[in-house]
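Take the sequence shown: its letter number 137 is residue 130 in our numbering, and every next letter is one higher.
As structure tokens, the structure follows; a few thoughts come after it.
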Amino acid sequence: MPKNSKVVKRELDDDVIESVKDLLSNEDSSDDAFKKSELMVDDQEEKDVDVEEGSDVEDERPAWNSKLQYILAQVGFSVGLGNVWRFPYLCQKNGGGAYLVPYLILLLIIGIPLFFLELAVGQRIRRGSIGVWNYISPKLGGIGFASCVVCFFVALYYNVIIGWSLFYFSQSFQHPLPWDQCPLVKNASHTFVEPECEKSSATTYYWYREALNISSSVSESGGLNWKMTICLLAAWVMVCLAMIKGIQSSGKIMYFSSLFPYVVLLCFLIRGLLLNGSVDGIRHMFTPKLEIMLEPKVWREAATQVFFALGLGFGGVIAFSSYNKRDNNCHFDAVLVSFINFFTSVLATLVVFAVLGFKANIINEKCVIQNSEKILKLLKMGNLSQDMIPHHINFSSITAEDYNLVYDIIQKVKEEEFDSLGLKSCQIEDELNKAVQGTGLAFIAFTEAMTHFPASPFWSVMFFLMLVNLGLGSMFGTIEGIITPIVDTFKVRKEILTVICCLVAFFIGLIFVQRSGNYFVTMFDDYSATLPLLIVVILENVAVIRIYGIDKFMEDLKDMLGFSPSQYYYYMWKYVSPFVLSCLLVASIVQMGLSPPGYNAWIEDTAMEEFHSYPTWAMIVCISLMVLAILPVPIVFMVRRCNLIDDSSGSLASVSYKRGRIIKEPVNLEGDNTSLIHGKSPSEVPSPNFGKNIYRKQTGSPTLDTAPNGRYGIGYLMADMPDMPESDL
């Protein structure tokens, strides 16, 4: 006999034993006597099986080192840049403290239930987004591919923002900060302030001219910005190195990348509260404007923020959850991560408006001084009478309250001539009402405020390092949403796929580091994710609740968690969430149709932003982004419907797990269930198992969805078994 024939024979015997055990385990689960029974096999053979299962040869699915590591990964993915520069803007714009009411309501209605749903299906089926939805119904397998496409689009421009943060971080190690003052221009005769900077501000000039060197339109490429190209390369190298070993490498980094932003936010909050004017900013932020809360637009924007804050539809939530043990309490995880996300947004809002209140106070003081000088000139010229100025007013050290008193008196006395005097009302509220979000908040408003901090370089380093960590945490989840489904489905090496993905993304991402790159970031942010993700999550809800069956899903949750979830989730998933998501989709389409497609271009001559409509080619790109993102759904549906793929040659539907290993299974197996073998609890069985019985197709059956639950099962491999009715099994 050949040298290894005994080993081969033993492995074949082990497979036969496993197949018999699995076959018997899938008998009617309602048979209590069978549940309590134990399959007895030869001791030596059983030892061989155990050795084989525990051997290094077996390709086991990775797992989190600890529950804390997993929670930090989910928190790092959900808590991102939007919590710092989007939520405060929406809170200010939509009624201050009153905005928290619709946000919390929608968090309970669509946020937590849908987050719980994604965690549950990922943990139960233990695959990425492609495998999960293909498992529930092969015809809906395109949902997973759509998630991957959206993740890729978002990763392209999201890492550019990390690159911008790296650039500002690298420039923060100098005093004074380079955006503290406008640069001086020298010519043959004299020195003068850069006109573009003088017309705007030092931080605005630095952002648009020094950092981005931005062009005046999206059609004007202007070539690559080499500073930002290097920063983008550094950002992708960081992501690649962190993700190359999957959760084994990225999980350890989560301890720093997820916790460090909270340290920085708390430090900024303490420092901000000690600054003059910070209380004015916080008071302005949380003063409720109840009348605004009743507007439909407020609820639409709150729903959109809840939706994107938790990362629903990206596949990252499912991917991270798929590395959990099957009996993990994912309901607790869903509630915990959702509320951590919410309180992080509130904390960031406190920090932002404490700092912006300080900045508004400084601007208001300058306004008072400048206008007081105007009043003194008007008094000297005789345009104003000294009699109208109260005697206690001292213009050399005038306060904001005294200036407003003089302003009101002059406005009443010189009512007809007041506009020609050129005086301004210096109110802190006017400055705080200037809503700013996104890059305008992080790279202009906040950086300007930090220039007035004592030890401003230290705070600048901390702030931009925080932005880098927030971005990386979200990028890890986004890339995991791409890598995990592809590895699960096509069984490629994760290291090679990660490197290829990062290289391709970097080269495509070069369009974002042109001089016109900022306009492309805006384009991708507006059109590549919003509508496709809404459609993806609606289809996810339909797949679980309608295709798979909500009653069966609730039973699976009870089996997995050890207790029955609240009926609250039953009604949310079945009725409320689909209705709210559908309304949000319609509202987003209407809003997109009513809003003229365009972007804010920076005009160098006027040093101001100016709205430009997209040219025809850019409109084609916008439409293509939305179509490409959702196109996998109908394509996979038609391929499955028309049987255009031969599953016997190895298709997406035939990928499964066996004892933690990815295997190929015959396409004529539909359904799977594992029961108690030697007293093992369901939580100890790593294979996914939603079904109740083994369903087999008749040879040559043209369709895939023949099981009663309308899905293609992923049962254990049973080789050389003839077709037989279920009763014979």
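The beta carbon of each residue, even a glycine, is placed where N, CA and C say it ideally should be.
Can you name the start and end residues of the alpha helix (DSSP H) that Ile123 belongs to? For the purposes of this step, residue 123 is taken as residue 130 along the sequence shown, with counting starting at 1. Per DSSP, Ile123 belongs to the alpha helix (DSSP H) from 122 to 129.
Please classify Arg539 as buried or exposed, where buried requires at least 16 other C-beta atoms within 10 Å of its C-beta. Taking the sequence shown and counting its residues from 1, the one referred to as residue 539 is at position 546. Exposed is the call here.
Where Phe446 and Trp452 are concerned, what is the direct C-alpha to C-alpha distance, given to the nearest angstrom? Your numbering for residue 446 matches position 453 in the sequence shown. Your numbering for residue 452 matches position 459 in the sequence shown. Rounded to whole angstroms, Phe446 to Trp452 spans 8 Å at the Cα level.
Can Gly134 and Val629 be called in contact, C-beta distance under 7 Å? Position 141 of the sequence shown, counting from 1, holds the residue named residue 134. Position 636 of the sequence shown, counting from 1, holds the residue named residue 629. Their beta carbons are under 7 Å apart, which means Gly134 touches Val629 by this criterion.
On the CB-based measure, 16 or more other CB atoms within 10 Å of its CB, does His324 come out buried or exposed? As a working note, residue 324 is residue 331 in the sequence shown. With 16 or more Cβ atoms within 10 Å of its Cβ, His324 is classed as buried.
4 or more residues per run - each alpha helix (DSSP H) lying fully within the stretch 588 to 645: 609 to 623, 625 to 634
Three-way DSSP call (helix, strand, coil) for Thr184 in this model: For the purposes of this step, residue 184 is taken as the residue at position 191 of the sequence shown. The answer is strand: DSSP assigns Thr184 an E or B state.
Can you tell me the Cα-Cα spacing of Met585 and His183, whole angstroms? Stepping through the sequence shown from its first residue, residue 585 is reached at position 592. Stepping through the sequence shown from its first residue, residue 183 is reached at position 190. Spanning the two alpha carbons is a distance of roughly 51 Å.
Considering Leu177, what are the terminal residues of the beta strand (DSSP E) in which it resides? Looking up residue 177 in the sequence shown gives position 184. Counting along the chain, the beta strand (DSSP E) containing Leu177 begins and ends at 177 to 179.
Count the other CB atoms within 10 Å of the CB of Glu191; is the residue buried (16 or more) or exposed (fewer)? For the purposes of this step, residue 191 is taken as residue 198 along the sequence shown, with counting starting at 1. That one is exposed.
When burial is assigned at 16 or more other CB atoms within 10 Å of the CB, is Asp326 buried or exposed? Here residue 326 is taken as the residue at index 333 of the sequence shown, counted from 1. So Asp326 ends up on the buried side.
With 16 as the cutoff for other CB atoms within 10 Å, does Trp566 come out buried or exposed? As a first step, residue 566 must be located in the sequence shown, where it is residue number 573. Buried is the call here.
Who are the Cβ neighbours of Asn364 in its own chain at under 8 Å, not counting the five residues just before and after it? For the purposes of this step, residue 364 is identified with residue 371 of the sequence shown, where counting begins at 1. Cβ neighbours of Asn364 beyond the five flanking positions: Tyr396, Tyr400, Leu416, Lys417, Cys419.
Opposing strand residues paired with Gln507 [DSSP bridges]: Position 514 of the sequence shown holds residue 507. Gln507 pairs with Leu217.
Taking the alpha carbon of Gly239 as the reference point, which residue from Asp552, Asn58, Lys551, Leu329 has its own alpha carbon closest? What you label residue 239 is simply residue 246 of the sequence shown in a count that begins at 1. Nearest C-alpha to Gly239: Asn58.
Helix, strand or coil: how does DSSP classify Ile386 here? Working through the sequence shown from its first residue, we reach residue 386 at position 393. Three-state DSSP puts Ile386 in coil, outside helix and strand.
Would you mind stating whether Leu268 and Phe351 have Cβ atoms separated by less than 7 Å? Residue 268 sits at position 275 when you count from the first residue of the sequence shown. Residue 351 sits at position 358 when you count from the first residue of the sequence shown. Their beta carbons are under 7 Å apart, which means Leu268 touches Phe351 by this criterion.
Please classify Ser30: does DSSP put it in a helix, a strand, or coil? The residue you call residue 30 lines up with position 37 of the sequence shown. In this prediction, Ser30 scores a pLDDT of 39, lower than 50, which makes its location untrustworthy; no coordinate-derived value is stated.
Taking the alpha carbon of Lys60 as the point to measure from, which residue in Asn334, His277, Tyr316 has its own alpha carbon closest? The residue given as residue 60 occupies position 67 in the sequence shown. Measuring from the Cα of Lys60, the nearest candidate turns out to be Tyr316.
Could you tell me whether the Cβ atoms of Ala536 and Ile155 are closer together than 7 Å? Within the sequence shown, numbered from 1, the residue matching residue 536 stands at position 543. Within the sequence shown, numbered from 1, the residue matching residue 155 stands at position 162. Taking 7 Å as the Cβ cut-off, Ala536 and Ile155 do not qualify as a contacting pair.
Using 8 Å for Cβ pairs, my map puts Phe457 next to Phe162. What's the rounded Cβ distance? The sequence position of residue 457 within the sequence shown is 464, counting from 1. The sequence position of residue 162 within the sequence shown is 169, counting from 1. Confirmed, Cβ separation roughly 4 Å.
Check each candidate in Ile102, Phe70, Phe109, Leu205 and name the one with the smallest Cα separation from Asn511. The residue labelled residue 511 in the question sits at position 518 within the sequence shown. It is Leu205 whose Cα lies nearest to the Cα of Asn511.
With a threshold of 8 Å on Cβ separation, who are the neighbours of Met33 within its own chain once the five nearest residues in sequence on each side are excluded? Along the sequence shown, read from residue 1 onward, the residue named residue 33 stands at position 40. Only weak support is given to the placement of Met33: the predicted model assigns it a pLDDT of 38, under 50, and the value that follows is read from those uncertain coordinates. Correct list: empty, nothing qualifies.
In whole angstroms, what is the alpha-carbon distance linking Asn387 and Ser194? Position 394 of the sequence shown, counted from the first residue, corresponds to residue 387. Position 201 of the sequence shown, counted from the first residue, corresponds to residue 194. Taking the straight line joining both Cα atoms gives about 30 Å.
Leaving out the 5 sequence neighbours to the left and right, which residues in its chain are closer than 6 Å to Ile333 when beta-carbon positions are compared? Position 340 of the sequence shown, counting from 1, holds the residue named residue 333. Closer than 6 Å at the Cβ level, and outside the excluded window around Ile333, lie Val68.
Taking Val530 as the reference, give the member of Ile64, Val94, Phe307, Val72 with the closest Cα. Within the sequence shown, numbered from 1, the residue matching residue 530 stands at position 537. Nearest of Ile64, Val94, Phe307, Val72 to Val530, Cα basis: Phe307.
Cα-Cα separation between His385 and Leu340, rounded to whole angstroms: Within the sequence shown, residue 385 is the residue found at index 392, counting from 1. Within the sequence shown, residue 340 is the residue found at index 347, counting from 1. Taking the straight line joining both Cα atoms gives about 42 Å.
Selected residue, minimal CA-CA separation from Leu723, among Gly466, Asp519, Val506, Tyr607: With the chain represented from -6 up to 722, any question about residue 723 goes unanswered, as that position is not in the structure.
Could you tell me if Ala448 is buried or exposed, where buried requires 16 or more neighbouring beta carbons within 10 angstroms of its beta carbon? Position 455 of the sequence shown, counted from the first residue, corresponds to residue 448. When all chains shown are included, Ala448 counts as exposed.
Give every residue of the same chain whose Cβ lies closer than 8 Å to the Cβ of Phe499, excluding the five residues on either side of it in the sequence, and list them in chain order. Residue 499 sits at position 506 when you count from the first residue of the sequence shown. Correct list, in chain order: Leu225, Leu226, Trp229.
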